[in-house]
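If you read the protein sequences in the order shown, they are chains U and P. No gaps in the numbering here: position 46 of the first sequence is 46 in our numbering, and each next residue is one more. So the number in our numbering is just where the residue sits in the second sequence, counting from 1, plus 90. Built from N, CA and C at the ideal position, the CB exists for glycine as well.
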Amino acid sequence: MATMAEQIEARIVAALHPASLEIIDDSHLHSGHAGHRAGGESHFTVIVKAAAFEGLSRVARQRAVYTALGDLMAPDRIHALVIRADTPDT
Amino acid sequence: MTDPVQARIAHLVGNNDVVLFMKGTPLFPQCGFSSTAVQILDRLGVNQYESVDVLSDPEVRAGIKTYSDWPTVPQLYVKGEFVGGSDIMMEMYSSGELDAMLDELGVARED
Numbered sequence: 001m002a003t004m005a006e007q008i009e010a011r012i013v014a015a016l017h018p019a020s021l022e023i024i025d026d027s028h029l030h031s032g033h034a035g036h037r038a039g040g041e042s043h044f045t046v047i048v049k050a051a052a053f054e055g056l057s058r059v060a061r062q063r064a065v066y067t068a069l070g071d072l073m074a075p076d077r078i079h080a081l082v083i084r085a086d087t088p089d090t
Numbered sequence: 091m092t093d094p095v096q097a098r099i100a101h102l103v104g105n106n107d108v109v110l111f112m113k114g115t116p117l118f119p120q121c122g123f124s125s126t127a128v129q130i131l132d133r134l135g136v137n138q139y140e141s142v143d144v145l146s147d148p149e150v151r152a153g154i155k156t157y158s159d160w161p162t163v164p165q166l167y168v169k170g171e172f173v174g175g176s177d178i179m180m181e182m183y184s185s186g187e188l189d190a191m192l193d194e195l196g197v198a199r200e201d
């Protein structure tokens, strides 16, 4: 069973073919807070650079990431996600 | 728009210069991202805005996700337009774009 971070990575790679991708599991920062679960894997930061973001607004870039994640983006799976989406030249 | 919840959201967004859909209230945010959004508006001197606590309104909590095809809260609207969530607010605040946009759109602010 792939970890949540591995599933996030696989979906973003497949949909956006990123030049670089970093996925940080922030779940430990949220223990005791609503949305945190035993076993973690609920809070993530995704830093992604992809040529696919060229010419897209910030909203459109982030929407593209949400779309790539599909059903992973549910409160009982990914509870919270920080997204930094840029083009490769930045 | 026949869905009453979508109509309510459209009414809120259409009749207030600045609307923040959030978890909790500006005084007592119930989520770190909502708290960030409130602090950004505060720093920019936006002190008269409509805040909607989605935790106390399950219909709006569900409806706001489809309204802008955006799966998360907070969500900021200025002059009827969806601006983004807390990541975008933070990026635009840091770069000065949010400040410039509020000026451009003539949003009332405290000096």
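| Check | Outcome |
| --- | --- |
| Below-7 Å beta-carbon distance, residue 4 of chain U vs any chain P residue | no |
| Cβ-based burial, residue 164 of chain P [other Cβ within 10 Å; buried from 16] | buried |
| Closer than 7 Å to chain P by CB, residue 47 of chain U | no |
| CA-to-CA distance, residue 190 of chain P to residue 21 of chain U, given in whole angstroms | 31 Å |
| Neighbouring residues, chain P, relative to residue 80 of chain U (Cβ below 9 Å) | 121, 122, 123, 162 |
| Three-state secondary structure assigned by DSSP to residue 119 of chain P | strand |
| Alpha helix (DSSP H) segments (min. 4 residues) lying fully within the region 2–75 of chain U | 4–16, 58–69 |
| Boundaries (first-last residue) of the alpha helix (DSSP H) holding residue 165 of chain P | Per DSSP, residue 165 of chain P belongs to no alpha helix (DSSP H); it is in the beta strand (DSSP E), 165–168. |
| Between the CA atoms of residue 18 of chain U and residue 53 of chain U - distance to the nearest angstrom | 9 Å |
| Identified DSSP bridge partners for residue 175 of chain P | Residue 175 of chain P pairs with nothing; no bridge assigned. |
| C-beta neighbour in chain U for residue 178 of chain P, strict 7 Å | yes |
| Buried/exposed call for residue 195 of chain P, threshold 16 Cβ in 10 Å | exposed |
| Stretch pair the region 105–113 of chain P + the region 49–64 of chain U: three plus CB contacts closer than 8 Å | no |
| Test: residue 174 of chain P CB closer than 7 Å to a CB of chain U | yes |
| Cβ neighbours of residue 156 of chain P in the same chain (closer than 8 Å, five flanking residues each side left out) | 96 |
| Residues that DSSP places opposite residue 140 of chain P in a beta bridge | P/109 |
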